[in-house]
Amino acid sequence: MFPAGVFLHEHGDRRVLFDTGYAAAPWRTGAAGWAYRRLLPPRVPRGVTVGERLDPASITHVVLSHLHPDHVGGLRAFPHATLVVTEGVRRSMDRPSLRGGVLRGLLPGTDRPGPLVVVPPDAFRPDATGLRTADLFGDGTYRLVDLPGHAPGHVGALVEDRVLLAADAAWGRDLLGQEHRIRRLPRAVAHDPRAQAHTAQLLLGAERRGVRLLFSHDVHQADVDLLGGGRVP
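So the sequence shown is numbered by UniProt numbering: it starts at 1 and just counts up by one.
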């Protein structure tokens, strides 16, 4: 078992959610969803989904790192939020597959009322961390980070130049740069293992420069300000 973390950033009137965790049952994803749950059975206790822990109407933006079920499952709780994806993620929406870990039944439909923002590849530029970033709001507080390898269009977020939400760039901090230690099944789902290994080295470099790395499947205490370290009121 491993957690599926979601992260909330508040700045002025913006409340930006990074990923949405698993969906509670039933998934309504057909045979592909059944096969996925056989391979990676999720356990989602009552009351712990992100839509139950937050007021959905208060969320202004949802950033999806990629489309695997443990990141996109809770999206339907936020129909009116602006959805932010990379071009690679948008293309995966058009071609869901079990092999790619993308289940059509969990994806946003064409009738979703909230806006969709697609960030193109040329929006990402090298920065002082050695990573390629795109300033989402133009004020430097929330920069998307190109983290190729795990899935098409896989992206992280550098928050206030201090904390990097690295999603599934590694299965955990202890495995960053240690891809040879990962079990066969997790290795098999990597979209581009060579790119993932290169991404790991870039992240290690950013960490040496003082950036704190947070991965989705590490254990993070709930309701804690990960920028300041205190409890969230």
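Quick reminder that beta carbons are idealized off the backbone N, C-alpha and C, glycines included. The structure displayed is predicted, hence computed values, not measured ones.
{"Item": "Cross-strand partners of His9 (DSSP beta bridge)", "Value": "Val16"}
{"Item": "Residue interval of the alpha helix (DSSP H) (run including Ala197)", "Value": "193-208"}
{"Item": "Inter-stretch contact (C-beta, 8 Å, three-pair minimum) for the stretch 78-90 and the stretch 149-161", "Value": "yes"}
{"Item": "Contacting residues, own chain, Cβ-Cβ under 6 Å from Pro126 (five flanking each side not counted)", "Value": "Arg132"}
{"Item": "Val159 to Gly21 span [Cα, whole Å]", "Value": "19 Å"}
{"Item": "Backbone secondary structure at Pro126 - three-state DSSP", "Value": "strand"}
{"Item": "Limits of the unbroken alpha helix (DSSP H) element including Val72", "Value": "69-72"}
{"Item": "Residue closest to Leu67, alpha-carbon to alpha-carbon, out of Glu52, Thr60, Leu54, Arg95", "Value": "Arg95"}
{"Item": "Beta strand (DSSP E) runs wholly inside the stretch 120-178, at least 3 long, in chain order", "Value": "132-135, 142-146, 155-159, 163-167"}
{"Item": "Range covered by the alpha helix (DSSP H) that runs through Val50", "Value": "50-53"}
{"Item": "Residues near Gly12 by beta carbon distance below 8 Å, same chain, minus five either side", "Value": "none"}
{"Item": "Gly105 vs Thr29 beta-carbon contact at 8 Å", "Value": "yes"}
{"Item": "Straight-line Cα distance separating Asp192 from Gly101", "Value": "14 Å"}
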